[in-house]
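Data block below; observations after.
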Amino acid sequence: MNSLYQVDELVKEYLLFRGFTATFRALESEIRTDKDKGFQVDKIIEELLGAIANGDIQALIDYYRYLDLRFFSRLDSRFQRTIKKFELCLLRHYLIHGNNNSKKDREKVIEFFDIYGPELHGKAEWSQWFALPYIKNPSNDATFETFFSKQWVDNYTISLHNFLATTFQNMPLPSLLSFNIDRIQRKTQQSEIEALKTTVENQKATLEARENDIAKLKHEVVETRKEMTDGISLIRRRAASSAHQNDQKSLKSMSTSIASIHGAAVGGANTFLNLPKKSNSESTHKSNQSGHSQDSSKNEDEPFLILNQEEFSEHVSAITHAKFSSQGDLIASCDMDNIVRIWSYKGQSFNPLKIKNNSSNVLSLEWDARSDRFVSCKKGRLKINN
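Numbering (the numbering used here), first residue to last: 1 to 386.
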């Protein structure tokens, strides 16, 4: 309905273009006396309240009946009770307003019952209202007290306003108005599409920025890990070098002590022992190899922290084999007496099992990869123990 006046102007322009001047003047005349008020709810409410303020009951009834015939009669039958309720409250508002004002207005209240009394007589909702003009203070009466309050008038006005607005919004529109509305809706939808496109572009830019930030963070993490690894390696090399130097010093001091003791012993005995040069060089080569192997073994050893330690003393002889189960919960061990024992290293409630193999030596011991319930012992043939 917002484009109603725009369409009116287009129709006027068209009539003048076609030379329909008489129709143009008739249209302007009807627009000036338009009872629909251009479908503006505020002006319709103003027209009704103006008739009440002027005490013009005939104009009030005629205008409301026009609205009923023009709009309300097209509504579904389930709204007819609401329409009658609005008419009843409108007439009651007229009577309350007239009773509050001058003596002349109160006479119009009596006139209302004289004119419409026969029509309203016999209706239960009007039975007590015939006494209104003759009650001294009707605003204090329990029957009429509610209708004299400003809150009741405001609630009624707002309800009628909403009802009219809803009725106009659900009216079937002519093609000319529908065309304009479709055009407006298309423009609105186009604007919404552009706004959504802008939002998508902004989201893409934000996503790219965050992906770049993530890539930078990943690179920083990799660089940090590399620096930490290099630092740990450097610390280990320094520790190994220091240990190697200490070992070299210890070997030198030990060799010096042995040489001094050996020299003293040889000098006291006045004997000389000539050793072959080959054996001396071989001993030196072996000493260097042993020192190198010790250094390499020390470099390979990694420091670790022992949290707890348990001892399993079921075996009598030396242990030859020990294997963890696939789940890591059990251990199978075999000793020199070819006795296989199954036990738990976690302190669980599991009694160690003893398996004797008296026929031949156990060469290897292995768990089944699929279950902890089987142990395989190889000794020239495969033996599986449950």
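Heads up, the beta-carbon is just placed ideally off N, CA and C, and yes, glycines get one too.
- Approximately 6 Å separates the beta-carbon atoms of Leu164 and Ile44; this is inside 8 Å, confirming the contact.
- Note: Ile331 is bridge-paired with Phe324, Trp343 in the DSSP secondary-structure output.
- By the neighbour-count criterion, in which a residue is buried when 16 or more other Cβ atoms sit within 10 angstroms of its Cβ, Phe130 is exposed.
- Inclusion of Leu60 and Tyr94 in the CB contact set at 9 Å is warranted, their separation being smaller than that value.
- A distance of 9 Å or more separates the beta carbons of Leu132 and Val153.
- Taking a 10 Å sphere around the C-beta of Phe17, we find fewer than 16 other C-beta atoms and assign the residue as exposed.
- When Cβ pairs closer than 8 Å are counted between the two stretches, the region 60-69 is seen not to touch the region 10-30, the count staying below three.
- Counting of Cβ neighbours within 10 angstroms places Phe144 among the buried residues, the total reaching 16 or more.
- With fewer than 16 other Cβ atoms inside 10 Å of its own Cβ, Val316 counts as exposed.
- With fewer than 16 neighbouring CB atoms inside 10 Å of its own CB, His219 falls in the exposed class.
- With respect to the C-alpha of Phe179, the residue from Leu363, Val362, Gln6 having the closest C-alpha is Gln6.
- Judged by their CB atoms, Thr167 and Phe72 are nearer to each other than the 9 Å cut-off.
- Secondary structure of Glu366 (DSSP, three-state): strand.
- When C-beta atoms of the region 21-31 are compared with those of the region 189-205, fewer than three pairs fall below 8 Å, so the two segments do not count as touching.
- In this structure, the CA atom of Glu47 is about 39 Å from the CA atom of Gln190.
- Per DSSP, reduced to three states, the secondary structure at Ile135 is coil, with no helix or strand assignment.
- The residue among Pro172, Asp114, Arg32, Asn99 with its C-alpha nearest the C-alpha of Phe148 is Asn99.
- If you ignore the 5 residues before and after Leu91, its C-beta comes within less than 6 Å of no other C-beta in its own chain.
- Judged by DSSP in its simplified three-state form, Ile306 adopts coil rather than helix or strand.
- According to the DSSP assignment, Ser159 belongs to the alpha helix (DSSP H) that extends over 150-169.
- Across the structure, Ser253 and Arg237 are spaced so that their CA atoms are roughly 24 Å apart.
- Ranked by Cα distance from Cys334, the first of Leu10, Lys37, Cys89, Lys323 is Lys323.
- For Glu30, the uninterrupted alpha helix (DSSP H) run begins and ends at 21-32, by DSSP.
- If you look at Asn99, you'll find it in the alpha helix (DSSP H) that goes 80-100.
- Checking the DSSP bridge columns, you'll see Ile355 partnered with Val340.
- For a cut-off of 8 Å, the C-beta gap from Leu330 to Ile342 is around 6 Å, short enough to register as a contact.
- For the set Leu120, Cys89, Arg225, Ala332, the Cα lying nearest the Cα of Trp367 is the one of Ala332.
- Contact annotation: Ser313 and Ala369 have beta-carbon atoms that are not nearer than 9 Å.
- DSSP lists Asp335 as the beta-bridge partner residues of Ile319.
- Non-local C-beta neighbours of Asp141 in its own chain, meaning closer than 8 Å and more than five positions away in sequence, comprise Ile135, ordered along the chain.
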